[in-house]
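Numbering (the UniProt record's numbering), first residue to last: 1 to 308.
Virtual Cβ for every residue (Gly too), placed ideally from N, Cα, C.
Values in this document were obtained by computation on a predicted structure and should not be read as measured data.
Okay, here's the thing in structure tokens:
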């Protein structure tokens with residue numbers, strides 16, 4: 001199909017890669033080949049809604065300070081496609097720093113992908129996708145762009161169809177809640193200690209992002225403790241025999257402690273602590289693992305001291 005379009009219209013260009021070197025190289029090669037004034041990364045599973053390009057380009061043309069503009073995505077798995085909202089009711093321009101602060105408070109990627117159009121000049125200034133972030137390279141790129149320019153939103157309008165299915169990267173190489181949280185952490189650190197380090201309150205923004213991620217991790221731990229501990233069933237002892245659930249709970253707690261050392265000051269910690277104490281065996285394991293983590297951190301700090 002791509003060949004048919006390319007043969008009929010010289011604006012189409014096909015890049016063939018004889019060797020598959022992974023998605024990151026493919027994305028960056030496509031980015032480097034872009035020649036137009038605007039850029040959209042549209043994965044094979046995704047689609048644009050009717051009029052999406054016209055709306056985004058019109059917005060960008062009227063707001064040259066905007067580095068990218070996006071609307072709402074519509075998630076779908078199989079046809080028929082849901083009906084899209086295509087009549088704008090309002091438009092907004094965020095100062096880039098304000099949008100970056102907003103994402104730090106959210107703690108997750110605010111953009112699915114197909115609903116966003118990027119100004120190519122801003123993209124060139126930001127550089128290529130970061131191969132060190134295979135799970136959150138797109139999230140990091142949006143934040144890098146916000147460091148360089150303002151951000152536009154087309155409110156209450158569906159700009160792209162985002163397909164979710166079992167074979168997508170979201171559910172294969174990028175799957176796993178802990179992996180996702182770690183990837184988001186790495187994206188925030190990459191931007192706020194790198195290209196965004198001179199932004200106003202960069203350290204405060206990073207602390208906000210880390211706090212948000214810690215809260216999300218602890219809420220996942222609460223969900224596991226609540227479900228596995230039988231809180232709703234009045235069967236408090238069941239978690240003690242479920243080492244897999246316990247391991248996952250400890251994984252979330254360990255992540256929260258690592259990303260936000262003052263984790264026990266968070267309001268959600270009281271809920272976690274109460275659920276842990278509901279089963280003495282669970283609490284015993286938790287204390288043992290907490291002690292082990294403290295010992296490891298102290299040993300690591302001791303090893304680093306001579307080179308400090």
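- Can you have a look at residue 241 and say buried or exposed, based on whether 16 or more other CB atoms are within 10 angstroms of its CB? Counting from one through the chain shown, the residue named residue 241 turns up at place 241. Residue confidence is low: residue 241 scores 45 on pLDDT, short of 50, so the model does not pin down where it sits. No coordinate-derived value is stated.
- For residue 253, which three-state DSSP category applies? Residue numbering aside, residue 253 sits at position 253 when the chain shown is read from its first letter. In this structure, residue 253 counts as helix in the three-state DSSP scheme.
- Query: Quick one: complete alpha helix (DSSP H) runs, 4+ long, within the region 85–145?
  - Reply: Entirely contained in the region 85–145, the alpha helix (DSSP H) runs reaching 4 residues are, in chain order, 96–106, 120–126.
- Item | Proximal residues to residue 146 (C-beta, below 6 Å), its chain only, five neighbours per side dropped | In the chain shown, counting from the first residue as 1, residue 146 sits at position 146. 96, 99, 100, listed in sequence order.
- Query: Any idea what DSSP makes of residue 194, helix, strand or coil?
  - Reply: By 1-based counting over the chain shown, the position of residue 194 is 194. Coil.
- Counted within 10 angstroms of its Cβ, other Cβ atoms place residue 118 as buried (16 or more) or exposed: What you label residue 118 is simply residue 118 of the chain shown in a count that begins at 1. Classification of residue 118: buried, given that the 10 Å Cβ count is 16 or more.
- Message: The alpha helix (DSSP H) that contains residue 273, what's its start and end?
- Response: In the chain shown, residue 273 corresponds to position 273, counting from 1. First-last of the alpha helix (DSSP H) with residue 273: 267–277.
- Task: Give a yes or no on whether the C-beta atoms belonging to residue 103 and residue 141 are separated by under 8 Å.
- Result: Walking along the chain shown from the start, residue 103 turns up at place 103. Walking along the chain shown from the start, residue 141 turns up at place 141. With contacts defined as CB atoms closer than 8 Å, residue 103 and residue 141 fail to qualify as a contacting pair.
- Buried or exposed: residue 150, going by 16 or more other Cβ atoms within 10 Å of its Cβ? In the chain shown, residue 150 corresponds to position 150, counting from 1. Under this definition residue 150 is a buried residue.
- Task: Can you check DSSP and say which residues form a bridge with residue 73?
- Result: Taking the first residue of the chain shown as position 1, residue 73 is located at position 73. Answer by DSSP bridge pairing, in chain order: 160.
- Express the C-alpha separation of residue 270 and residue 225 in angstroms, rounding to a whole number. On the chain shown, residue 225 is found 225 positions in, with the first residue counted as 1. On the chain shown, residue 270 is found 270 positions in, with the first residue counted as 1. So the two alpha carbons sit approximately 13 Å from each other.
- Task: Specify, as a first and last residue, the run of the alpha helix (DSSP H) that residue 55 falls within.
- Result: Position 55 of the chain shown, counted from the first residue, corresponds to residue 55. For residue 55, the uninterrupted alpha helix (DSSP H) segment begins and ends at 52–62.
- Item | Residue burial classification, residue 20 (beta-carbon count within 10 angstroms, cutoff 16) | In the chain shown, the residue the question calls residue 20 occupies position 20. Classification of residue 20: exposed, given that the 10 Å Cβ count is below 16.
- Message: I'd like to know if the region 118–127 and the region 177–191 are in contact, where contact means that at least 3 CB-CB pairs between them fall below 8 Å.
- Response: Under the three-pair Cβ rule at 8 Å, the region 118–127 does not count as touching the region 177–191.
- Identity of the residue in 176, 227, 131, 214 nearest residue 245 by Cα: Along the chain shown, read from residue 1 onward, the residue named residue 245 stands at position 245. Comparing Cα positions, the closest option is 227.
- Measure the beta-carbon distance from residue 73 to residue 110 and round it to whole angstroms, keeping in mind my assumption that it falls under 8 Å. The residue given as residue 73 occupies position 73 in the chain shown. The residue given as residue 110 occupies position 110 in the chain shown. The beta-carbon separation of residue 73 and residue 110, rounded to 10 Å, does not stay under the 8 Å limit for a contact.
- Please look up how many angstroms separate the CB atoms of residue 152 and residue 59, rounded, as I've assumed it's under 8 Å. If you number the chain shown from 1, residue 152 lands on position 152. If you number the chain shown from 1, residue 59 lands on position 59. Taking a contact as a CB-CB distance under 8 Å, the pair residue 152 and residue 59 counts as one, their CB atoms being some 5 Å apart.
- Task: Rank 93, 268, 207, 44 by C-alpha distance to the C-alpha of residue 26 and give the top, closest one.
- Result: Here the question's residue 26 lines up with position 26 in the chain shown. Taking the Cα of residue 26 as reference, the smallest distance to any Cα among 93, 268, 207, 44 is reached at 44.
- Task: Closer than 7 Å by C-beta to residue 16: which residues in its own chain qualify, once you throw out the five before and the five after it? Chain order, please.
- Result: In the chain shown, residue 16 corresponds to position 16, counting from 1. Within the same chain, and ignoring the five residues on either side of residue 16 in sequence, no residue has its Cβ closer than 7 Å to its Cβ.
- Item | Contacting residues, own chain, Cβ-Cβ under 8 Å from residue 11 (five flanking each side not counted) | As a working note, residue 11 is residue 11 in the chain shown. Cβ neighbours of residue 11 beyond the five flanking positions: none.
- Message: For residue 251, tell me which candidate among 219, 194, 178 has the shortest Cα-Cα distance.
- Response: Counted from its first residue, the chain shown places residue 251 at position 251. Taking only the C-alpha atoms, the option nearest residue 251 is 178.
- Query: Skipping 5 residues on each side, what residues in its chain have a beta carbon closer than 8 Å to that of residue 77?
  - Reply: Within the chain shown, the letter at position 77 stands for residue 77. Only 163, 164, 165 meet the Cβ criterion.
- Item | Whole-number beta carbon distance between residue 213 and residue 107, since they are thought to touch under 8 Å | Position 107 of the chain shown holds residue 107. Position 213 of the chain shown holds residue 213. Correct: roughly 5 Å between the Cβ atoms.
- Task: Indicate the three-state DSSP secondary structure (helix, strand or coil) for residue 199 in the structure shown.
- Result: Position 199 of the chain shown, counted from the first residue, corresponds to residue 199. Three-state DSSP puts residue 199 in coil, outside helix and strand.
- Query: Between the C-alpha atoms of residue 220 and residue 54, what's the straight-line distance to the nearest angstrom?
  - Reply: Locating residue 220 in the chain shown gives position 220, where the first residue counts as 1. Locating residue 54 in the chain shown gives position 54, where the first residue counts as 1. Answer to the nearest angstrom: the Cα atoms are 41 Å apart.
- Item | Pair within 8 Å by beta-carbon distance, residue 158 and residue 92 | Position 158 of the chain shown, counting from 1, holds the residue named residue 158. Position 92 of the chain shown, counting from 1, holds the residue named residue 92. Taking 8 Å as the cut-off, the beta carbon of residue 158 is found no closer than this to the beta carbon of residue 92.
- Query: Can you tell which of 161, 37, 192 has the C-alpha that lies nearest to the C-alpha of residue 86?
  - Reply: Residue mapping note: residue 86 aligns to position 86 of the chain shown, counting from 1. Comparing Cα positions, the closest option is 161.
- Task: Look at the alpha carbon of residue 273 and the alpha carbon of residue 70, and state the distance between them as a whole number of angstroms.
- Result: In the chain shown, counting from the first residue as 1, residue 273 sits at position 273. In the chain shown, counting from the first residue as 1, residue 70 sits at position 70. Residue 273 and residue 70 have their alpha carbons spaced roughly 40 Å apart.
- Query: Along the chain, where does the alpha helix (DSSP H) that runs through residue 149 open and close?
  - Reply: One-based indexing of the chain shown puts residue 149 at position 149. First-last for residue 149: undefined, no H or E at that position.
- Query: Do residue 96 and the ligand MN come close, with the Cβ less than 7 Å from some heavy atom?
  - Reply: No copy of the ligand MN appears in this structure; indeed no ligand is present at all.
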